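Written below as structure tokens is the structure these notes are about.
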Amino acid sequence: MTPFEEQLKQAMARREPAEDFARRVLERADREGGQQAESGGRRVGGKRVWFSALSGWFHSPRVLRFSAAAALLAVSGGVVFQQHEQSERGEAAKEKLLTAVRIAGVKLRQVHRHVLEVETPEVEQ
Amino acid sequence: MKGEDERLAATATTNAAGVRETAGLPNFAEVVDRHKAMVFSILWHYLRDRTAAEEVAQDVFLELHRSWDAMKSAEHIVFWLRRVTSHRAIDCARRKRLHLETSLEATAEPTALERVHDSFLSSYLERMVASLPEKQRIVIVLRYQEGLELEQIADVLGIKISTVKTQIFRGLELLRAKTAQRLGRTVE
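Here the protein sequences come in this chain order: A and B. According to this note's numbering, the first sequence is numbered sequentially starting from 1. According to this note's numbering, the second sequence is numbered sequentially starting from 1001.
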């Protein structure tokens, strides 16, 4: 260690907090423990067992892996469903267009026939 | 960091009733009394705010109290305290937006006495450390206040040893340069 580092080590010496620090911490810990006891739940060493167990379960690797897989499945399902919906809408639009074309074709033929009927007598005269 | 937890957890034993037992685990009050200076000093050197340091130190011990069942040994408690305190210090500085990363140029000049006496130089160095960038500051505190090895610092902060080395090197360079500038001579 260089002299500068020695000086730095000296400068960084530990310091004591206020004299009543430990008392205040213990008081707060007691108060917190009392509140937890009032709010229910079996406690061991100042901690509720059910909360700890639930928290542990949520943080277990198996649950995390399962959650990730479920989320992935939900997202890919959503994408497939959306593509299917789009395709269905496209098909419906195509059908409507074909119907419109067919109707237009029928009308056109009717008009064409009518025109021929009107034109034929003039030719005969 | 996780590996360290697992290693320390391995020191715990389980009795016939399936209840975890730990040999020589002190009680909570003893732990507070024994480690209050360590926790407070890490926060003090990082935050340079006595009130904030005491508040956060209390929160750290309360969190320890809540996590007491997970403590495996006295060694595990110390490791846990250093890790949580370091992260709390960083969070607190960020949350409160304490302007600790002000340029070193903005740090007050040492008085004439500081140029002469080592104790005053120490006080000056403390202020300089508190003005270092976040990562450099916490590794310098853990290295020179706690005397931790590079590997231990990496475990506590959950970073690579190479990062610890770089941050210490940069921090020391900055401190040396500034101190040399203030003292008007090279510092080794």
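For each residue, glycine too, the CB sits at the ideal point set by N, CA and C. For clarity, every value in this text was computed on a predicted model and none was experimentally measured.
When the Cα atoms are used, what is the spatial distance from residue i to residue j?
{"i": "V75 (chain A)", "j": "E91 (chain A)", "result": "25 Å"}
{"i": "L1025 (chain B)", "j": "L1132 (chain B)", "result": "37 Å"}
{"i": "A964 (chain B)", "j": "A1093 (chain B)", "result": "Only positions 1001 to 1188 of chain B appear in the structure, and residue 964 (chain B) is not among them; the question remains open."}
{"i": "V1164 (chain B)", "j": "R31 (chain A)", "result": "39 Å"}
{"i": "T1085 (chain B)", "j": "V1039 (chain B)", "result": "6 Å"}
{"i": "E95 (chain A)", "j": "R109 (chain A)", "result": "21 Å"}
{"i": "H1076 (chain B)", "j": "I1138 (chain B)", "result": "20 Å"}
{"i": "D1069 (chain B)", "j": "R1182 (chain B)", "result": "50 Å"}
{"i": "K9 (chain A)", "j": "A71 (chain A)", "result": "51 Å"}
{"i": "E5 (chain A)", "j": "Y1144 (chain B)", "result": "8 Å"}
{"i": "E1063 (chain B)", "j": "V1056 (chain B)", "result": "10 Å"}
{"i": "V1031 (chain B)", "j": "E1173 (chain B)", "result": "36 Å"}
{"i": "H84 (chain A)", "j": "G78 (chain A)", "result": "10 Å"}
{"i": "S1123 (chain B)", "j": "A1074 (chain B)", "result": "32 Å"}
{"i": "T2 (chain A)", "j": "V1078 (chain B)", "result": "28 Å"}
{"i": "F1061 (chain B)", "j": "V25 (chain A)", "result": "7 Å"}
{"i": "R1170 (chain B)", "j": "I1161 (chain B)", "result": "14 Å"}
{"i": "A1037 (chain B)", "j": "A69 (chain A)", "result": "46 Å"}
{"i": "F81 (chain A)", "j": "R102 (chain A)", "result": "32 Å"}
{"i": "L1121 (chain B)", "j": "V1129 (chain B)", "result": "12 Å"}
{"i": "Y1046 (chain B)", "j": "L73 (chain A)", "result": "45 Å"}
{"i": "G33 (chain A)", "j": "S67 (chain A)", "result": "33 Å"}
{"i": "Q1136 (chain B)", "j": "A11 (chain A)", "result": "16 Å"}
{"i": "Q7 (chain A)", "j": "H1065 (chain B)", "result": "36 Å"}
Would residue i pass as an interface residue toward chain B - the criterion being a Cβ-Cβ separation below 8 Å?
{"i": "L26 (chain A)", "result": "yes"}
{"i": "E19 (chain A)", "result": "no"}
{"i": "E85 (chain A)", "result": "no"}
{"i": "A22 (chain A)", "result": "yes"}
{"i": "K47 (chain A)", "result": "Model confidence at K47 (chain A) stands at a pLDDT of 48, short of 50, so the residue's coordinates are unreliable; what they give is reported in the following sentence. Yes, K47 (chain A) counts as interfacial toward chain B."}
Along chain A, which residues have their Cβ under 8 Å away from the Cβ of residue i?
{"i": "E1126 (chain B)", "result": "A11 and M12"}
On the DSSP letters alone, give me the boundaries of the alpha helix (DSSP H) that residue i sits inside.
{"i": "R1094 (chain B)", "result": "A1074 to K1096"}
{"i": "L1025 (chain B)", "result": "Note, L1025 (chain B): premise wrong, no alpha helix (DSSP H); not H, not E."}
{"i": "V1164 (chain B)", "result": "I1161 to L1183"}
{"i": "R1050 (chain B)", "result": "R1050 to R1066"}
{"i": "Q10 (chain A)", "result": "P3 to A11"}
{"i": "E1134 (chain B)", "result": "E1134 to I1140"}
{"i": "A1154 (chain B)", "result": "L1150 to L1157"}
By the criterion of Cβ-Cβ separation under 7 Å, what are the contact partners of residue i in chain B?
{"i": "R15 (chain A)", "result": "A1037, F1040, S1041 and W1044"}
{"i": "A69 (chain A)", "result": "Neighbours of A69 (chain A) on chain B: none; closest Cβ ~22 Å, over 7 Å."}
Could you list which residues in chain A have their beta carbon closer than 9 Å to that of residue i, in chain order?
{"i": "L1175 (chain B)", "result": "F4 and L8"}
{"i": "L1062 (chain B)", "result": "V25, R28, A29 and E32"}
{"i": "D1033 (chain B)", "result": "A22"}
Taking only beta-carbon positions, decide if residue i is within less than 8 Å of chain A.
{"i": "E1054 (chain B)", "result": "yes"}
{"i": "V1139 (chain B)", "result": "no"}
{"i": "F1079 (chain B)", "result": "no"}
{"i": "D1155 (chain B)", "result": "no"}
{"i": "F1028 (chain B)", "result": "yes"}
{"i": "L1121 (chain B)", "result": "yes"}
{"i": "H1065 (chain B)", "result": "yes"}
{"i": "V1084 (chain B)", "result": "no"}
{"i": "V1129 (chain B)", "result": "yes"}
{"i": "V1164 (chain B)", "result": "no"}
Determine the chain A residues that contact residue i at a beta-carbon separation under 7 Å, and present them in chain order.
{"i": "Q1058 (chain B)", "result": "R24, V25 and R28"}
{"i": "Q1145 (chain B)", "result": "M12 and R14"}
Taking only beta-carbon positions, decide if residue i is within less than 8 Å of chain E.
{"i": "D30 (chain A)", "result": "Of the protein chains in this structure, namely A and B, none is chain E."}
Is any non-hydrogen atom of the ligand MN found closer than 7 Å to the C-beta of residue i, if you look at the structure I gave you?
{"i": "A104 (chain A)", "result": "With respect to small molecules bound, the structure shown includes none, and the ligand MN cannot be examined in it."}
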